[in-house]
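A.B. asks:
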Amino acid sequence: MINTSEEEWWIPNAITYSVVMHGFWREGKLSEACDLVREMTGKGFFPTPVEINLLLQSLCQERRVKDARKFMQECLNNGCAVNVVNFTSVIHGFCKIDDLDAALSVLDDMYLINKHPDAVTYTTVIDALGKKGRIDEATELTSKMLHRGLVPTSVTYRTVIHRYCQHDRVEDLLKLLEKMLLRQSCNTVYSQVIEKLCNFGNLDAAYKLLGKVLRRASRSDANACHVLMESYRRKGIPQSAYKVACRMFNRNLIPDLKLCDKVSKGLMLEGKTDEADKLMLHFVDRGRISPHHHRLVQT
DNA sequence: CTTGCTGAGC
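Okay, so the first sequence: first residue is 1 according to UniProt numbering, each after it adds one.
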């Protein structure tokens, strides 16, 4: 038999608290939800890190990031389980309202209390620093992350590539990527860099990386070459697009026929009929096109 | 029922 006395049956327990807290949260009554957490921890009931995170994220969404930080600190003081995800949410909140110094300060807190930041935490801050053009600090932080044995994810790679290209820090990027690749390989890095450089209009830097990509000559690498060719073509430099195509053929990587056709027409317009013909002849040699009329045999 | 990126804003 369960021994429940008359006076005790209504006393809130862990489940009651959790249900009521979710109710407040669903209705957007965040302050009330936080108060309830304070009350329940006082009685020895603790919310899970997942529940804490829901409140933290909602507070951050309302730009009440300082409140979120304070609330998280209270949870810690009261003995709740607070995890890396919770810290990352608060850091992300500060990044979104452009308070990078506060974000970095929360990151410092993590080291102090031995909650080690993970790759997501670092990526969040690296992106925010990069967005502001604080590339040297981003580099330092990335190195620190690697030094701590963390593995860069595909998001980390995309983030670093985007931000460094955005601020035209190609040399720094390439140095950093070398270090990252030692820890975690990523087959498409250099294709990604080439495409990003094309996005930002730095075709010279993109061209210099072609060798890295042609060595491997996979599908994504071919695509990066196509992006570069198309960038040259649109910029009115079909000769450079032609050079890229030739280097692809040299590596036995067949460029896109329709794109080459457009490049060839561009060359014709500039009176470079010789190169225009040579480009299409590559396809004839490989049986992709019939010799007399430049017509597609197969795609 | 947990965390990160890719241009904002017209």
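Using N, Cα and C, we set each Cβ at its ideal position, and we do this for glycine too.
Predicted model only: the values in this text are computed from it and were never measured.
Hey, how far is the Cα of M1 from the Cα of K70?
C.D. replies: With a pLDDT of 46 at M1, under the threshold of 50, the predicted position of this residue should be treated as unreliable, and no value is reported.
A.B. asks: What does the alpha-carbon distance come out to for the pair G211 and E178?
C.D. replies: Their backbone Cα atoms lie some 15 Å apart in a straight line.
A.B. asks: Let me know if A81 comes out buried or exposed under the rule of 16 or more other beta-carbons within 10 Å of its beta-carbon.
C.D. replies: A81 should be labelled exposed.
A.B. asks: Considering only C-alpha positions, which residue in the set K132, I126, D136, R163 is nearest to M145?
C.D. replies: I126
A.B. asks: Taking the straight line between their C-alpha atoms, what separation do you get for W10 and L150?
C.D. replies: 48 Å
A.B. asks: Let me know the secondary structure DSSP gives I135 once reduced to three states.
C.D. replies: helix
A.B. asks: If you compare alpha carbons, which of N78, G79, Y122 is closest to V90?
C.D. replies: Y122
A.B. asks: Among the residues of its own chain, which have a CB less than 7 Å from the CB of A245, if the five just before and after it don't count?
C.D. replies: M229, P255, C260, V263, L279
A.B. asks: If you scan the region 194-247 from start to end, which runs of the alpha helix (DSSP H) of 4 or more residues do you find wholly inside it?
C.D. replies: 203-208, 210-216, 219-234
A.B. asks: For the alpha helix (DSSP H) holding P49, just list the boundary residues, first then last.
C.D. replies: 49-61
A.B. asks: Our contact map puts V65 next to G93 with C-beta atoms below 8 Å; I'd like the distance itself, whole angstroms only.
C.D. replies: Contact between V65 and G93 holds: their C-beta atoms lie close to 4 Å from each other, under 8 Å.
A.B. asks: Comparing C-alpha positions only, which one of F45, D277, M248 sits nearest to A217?
C.D. replies: M248
A.B. asks: Considering only residues of the same chain and omitting the five flanking positions on each side of D221, which have a CB-CB separation below 6 Å?
C.D. replies: Excluding sequence positions up to five before and after D221, its CB lies within less than 6 Å of the CB of S191, V213, all in the same chain and listed in chain order.
A.B. asks: Could you give the distance in angstroms between the alpha-carbon of A128 and the alpha-carbon of Y157?
C.D. replies: 14 Å
A.B. asks: F200 and C225 - do their beta-carbons sit closer together than 7 Å?
C.D. replies: no
A.B. asks: What does the Cβ neighbour count give for R219, buried or exposed, with the cut at 16 atoms within 10 Å?
C.D. replies: exposed
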